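Asker: Residue numbers (full-length UniProt numbering): 1 to 68. Backbone N, C-alpha and C fix where the C-beta goes; we use that ideal spot for every residue, glycine too. No experiment lies behind these values; they were computed from the predicted model shown.
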Amino acid sequence: MSFVIDNMTCALCPVTVKSAMEGVTGVRSVEIDFEARTAKVVFDTAATSAHAIATASTDAGYPARVTG
């Protein structure tokens, strides 16, 4: 699933977003595209939801929303 990530302005931002998203139980992988301001996340839908992943990023200071 893809997310748009707001507030990413420096090289450390993607590290923080990735760490926050990976901290959600059920997330298998996170790929951040800094230039596009997006994250591609693979997760177990039985263990978590897109909303929980977006909330983790938002709580870290980088509001996220599902694209598409």
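Run through DSSP, which three-state label would THR38 get?
Answerer: Numbered from its first residue, the sequence shown carries residue 38 at position 38. Reduced to three states, the DSSP call for THR38 is strand.
Asker: Does DSSP put VAL24 in a helix, a strand or coil?
Answerer: Here residue 24 refers to the residue found at position 24 when the sequence shown is read from its first residue. The answer is coil: DSSP assigns VAL24 none of H, G, I, E or B.
Asker: Tell me the residue span of the beta strand (DSSP E) that contains ALA64.
Answerer: For this step, residue 64 is matched to residue 64 along the sequence shown. Counting along the chain, the beta strand (DSSP E) containing ALA64 begins and ends at 64-66.
Asker: Across which residues does DSSP place ASP33 in a beta bridge pair?
Answerer: Position 33 of the sequence shown, counting from 1, holds the residue named residue 33. Looking at the DSSP assignment, ASP33 forms a beta bridge with THR38.
Asker: Once DSSP output is grouped into helix, strand and coil, what is the label at SER2?
Answerer: Numbered from its first residue, the sequence shown carries residue 2 at position 2. In the structure shown, SER2 sits in a strand (DSSP, three-state: E or B).
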